[in-house]
Amino acid sequence: GETYFFVRSPERFQVVVDAHRGKRIYIVTTFPRLLRLELAALANRIEQHWRVERTFPATVGDGAIAVWAPSR
2 GETYFFVRSP
12 ERFQVVVDAH
22 RGKRIYIVTT
32 FPRLLRLELA
42 ALANRIEQHW
52 RVERTFPATV
62 GDGAIAVWAP
72 SR
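Our numbering puts the first residue of the sequence shown at 2, with every later residue one more than the last.
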């Protein structure tokens, strides 16, 4: 089965999350400014219901990689 899902809408994001209930799910994002500008609804959903577990430094400006886990 798939272990990586690329989503660009809150609706598709929720479909993926719902399909994996009870499993460990992580979100990986980069370029947070661009995410907020181009996909504001998705960025809001992530920021409201998930927390950053770890951030890996960027070599390009705002390109740090953030790993998110569900908020408790």
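By construction, the Cβ of each residue, glycine as well, lies at the ideal position given by its N, Cα and C atoms. From a predicted model like this one, the values you see are computed outputs, not experimental measurements.
Buried or exposed: residue i, going by 16 or more other Cβ atoms within 10 Å of its Cβ?
i: T4; result: exposed
i: T56; result: exposed
i: I28; result: buried
i: T60; result: exposed
i: I47; result: buried
If you check the beta carbons only, do residue i and residue j fall under 9 Å apart?
i: V8; j: L43; result: yes
i: S72; j: L40; result: no
DSSP three-state label for residue i, please.
i: F7; result: coil
i: A59; result: coil
i: R52; result: strand
Work out the CA separation of residue j and residue i for me, nearest whole Å.
i: G23; j: H50; result: 16 Å
i: L38; j: A70; result: 22 Å
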